[in-house]
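Following UniProt numbering, the numbering of the sequence shown begins with 1 at its first residue and continues without gaps. Glycine is no exception: its CB is placed at the ideal position from the N, C-alpha and C atoms. This report refers to the structure that appears directly beneath it.
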Amino acid sequence: MAEESKILIIGGTGYMGKHLVEASVRLGHPTFALVRERTLASDPEKAKLIEAFRNSGVVLLYGDLYDQERLVEAIKKVDVVISALGHESPKKLADQVNIISAIKQAGTIKRFFPSEFGLDVGRIELMEPAKTQLGVKAQIREAIKEAGIPYTIVSSNLGGAYYFLRRIGQIEPMEPPTDKILVLGDGNSKVIFVGEEDVATYTIKAADDPRTLNKILYIRPPANIYSHNQLISLWERKSGKTFERIHVSEEEIFRKIQESPPPLNFGYAIAHAAFVKGETTNFEIDPLIGVEASELCPDVKYTTVDEFVDRYI
Ligand SMILES: NC(=O)c1ccc[n+]([C@@H]2O[C@H](COP(=O)([O-])OP(=O)(O)OC[C@H]3O[C@@H](n4cnc5c(N)ncnc54)[C@H](OP(=O)(O)O)[C@@H]3O)[C@@H](O)[C@H]2O)c1
Numbered sequence: 001m002a003e004e005s006k007i008l009i010i011g012g013t014g015y016m017g018k019h020l021v022e023a024s025v026r027l028g029h030p031t032f033a034l035v036r037e038r039t040l041a042s043d044p045e046k047a048k049l050i051e052a053f054r055n056s057g058v059v060l061l062y063g064d065l066y067d068q069e070r071l072v073e074a075i076k077k078v079d080v081v082i083s084a085l086g087h088e089s090p091k092k093l094a095d096q097v098n099i100i101s102a103i104k105q106a107g108t109i110k111r112f113f114p115s116e117f118g119l120d121v122g123r124i125e126l127m128e129p130a131k132t133q134l135g136v137k138a139q140i141r142e143a144i145k146e147a148g149i150p151y152t153i154v155s156s157n158l159g160g161a162y163y164f165l166r167r168i169g170q171i172e173p174m175e176p177p178t179d180k181i182l183v184l185g186d187g188n189s190k191v192i193f194v195g196e197e198d199v200a201t202y203t204i205k206a207a208d209d210p211r212t213l214n215k216i217l218y219i220r221p222p223a224n225i226y227s228h229n230q231l232i233s234l235w236e237r238k239s240g241k242t243f244e245r246i247h248v249s250e251e252e253i254f255r256k257i258q259e260s261p262p263p264l265n266f267g268y269a270i271a272h273a274a275f276v277k278g279e280t281t282n283f284e285i286d287p288l289i290g291v292e293a294s295e296l297c298p299d300v301k302y303t304t305v306d307e308f309v310d311r312y313i
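What follows is the structure in structure tokens.
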């Protein structure tokens, strides 16, 4: 049997990256994580995570997005590179050009996954500040194509464990609401939620799959497509509570985006795109540019929205 490809994750200590590292190990790939020495020294929680990676067989490589020599050295050891740099710094997302040039220099990479893992930024209009924060991802797509690097873009829609499901679509409160729920718009647009572990599984499975080469991998698990109203009704059925639904007009959402401090303004801008404009579901996948993950990998038993809600009530 052919050996699984060697995978390097840059940003493996982050929210999404941790799942990518774990999935890569779970699926039997020789797994490498580029970690920053200063994080290891200064962040005890992340130091523990890095130790857990080491114990599960991950090869730790010290380096930094801004240390080109070490970046090239790390990339030369593997077949596939996955970036999971965070969106809080558009500059760092833009500086993935350093990874692109290291991949060019190494000359052996079979697949690059830039940091995406969200809405398809290539086709949607976002409100600020999300427009600037995530718009950089679209520029990176262009830079990858220009460089002629084999790639896969993962468009995984809204994170299942990210606050949208846990708080029943609420942006502001940290806990699930108890009596009133804000519903952006009419609450009828369909939205796709995907568990982070499943995003990672589909991503790693795509790494060696010729069907995902130079394509967008859309993750649209059929059981995870819910409108906000349906999601609230599901919670109501399972919890025995009834919520008062307070609809928020688009004008009021714009005001919230403008007046809320970061990262709430970002959260409202994403929620506006997904819950009001229906940007995760309002298009058909063009087979020339995209493929759907749950169709490609029917063997993956993904976590359903129903199961997530059971976890959170
Ligand atoms: N769909 C969704 O709902 C959803 C939710 C969240 C995120 N996302 C997307 O997922 C992607 C990853 O975001 P995230 O929230 O997981 O990011 P994150 O938690 O902020 O993690 C960022 C990672 O990048 C690493 N990093 C930062 N600066 C670096 C440098 N100079 N050199 C090397 N590594 C560096 C960090 O390492 P240290 O540990 O050393 O700091 C960390 O591992 C983004 O594209 C984001 O938009 C999607």
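In the DSSP assignment, find the unbroken alpha helix (DSSP H) run with ILE270 in it and report its ends.
264-271
Output yes or no for whether 8 angstroms exceeds the beta carbon distance between LEU182 and VAL121.
no
Close Cβ partners of SER239 (< 6 angstroms) along its chain, the five nearest in sequence each way excluded:
ILE313
Under DSSP, the alpha helix (DSSP H) around HIS228 begins and ends at which residues?
228-239
Using only the alpha-carbon positions, how far apart do GLY160 and PHE193 sit?
5 angstroms
Length of the line joining the Cα atoms of GLU88 and ALA130:
10 angstroms
Near ligand 1: GLY267 beta-carbon under 7 angstroms from a heavy atom
no
Is GLY107 buried or exposed, if buried means 16 or more other CB atoms sit within 10 Å of its CB?
exposed
Within a Cβ cutoff of 8 angstroms, which residues of the same chain sit near ILE149, ignoring the five residues on either side of it in sequence?
ILE100, ILE103, LYS104, ILE109 and PHE112
With a 10 Å radius around its C-beta and 16 neighbouring C-beta atoms as the bar for buried, classify PRO298 as buried or exposed.
exposed
Can you name the residues that DSSP bridges to PHE193?
LEU158
Return the bridge partner residues of ARG311 from the DSSP annotation.
Note: ARG311 sits in no beta bridge, so no partner.
Cβ neighbour criterion (16 or more within 10 Å) applied to GLY118:
buried
Contact set for THR280: own chain, Cβ-Cβ below 6 angstroms, skip 5 residues either direction
ASN157, VAL191, ILE192 and ALA274
Since I believe PRO210 is in contact with ILE153 (beta carbons under 8 angstroms), could you give me their beta-carbon distance rounded to a whole number of angstroms?
Incorrect: roughly 16 angstroms between the Cβ atoms, too far for contact.
Report whether the distance from the Cβ of SER156 to the nearest heavy atom of ligand 1 is below 7 angstroms.
yes
Write down the C-beta distance between ALA52 and ALA200 rounded to the nearest angstrom, noting that I regard them as a contact closer than 8 angstroms.
Contact doesn't hold; Cβ gap of about 15 angstroms is too wide.
For GLU28, count neighbouring Cβ atoms within 10 angstroms of its own Cβ and tell me buried if that reaches 16, exposed if not.
The sequence shown places Gly at residue 28, not Glu. It counts as exposed.
Using CA coordinates, which residue listed in HIS272, LEU49 and GLY11 is at the minimum distance from GLY57?
LEU49
Cα separation between MET16 and GLU196?
7 angstroms
Measuring alpha carbon to alpha carbon, tell me which of ARG54, SER42, ILE232 and ALA271 ends up nearest PRO177.
ILE232
Mind checking who SER83 pairs with in its DSSP beta bridge?
ILE10
Proximity winner among LEU165, SER83 and SER189, relative to ILE140 (alpha-carbon distances)
SER83
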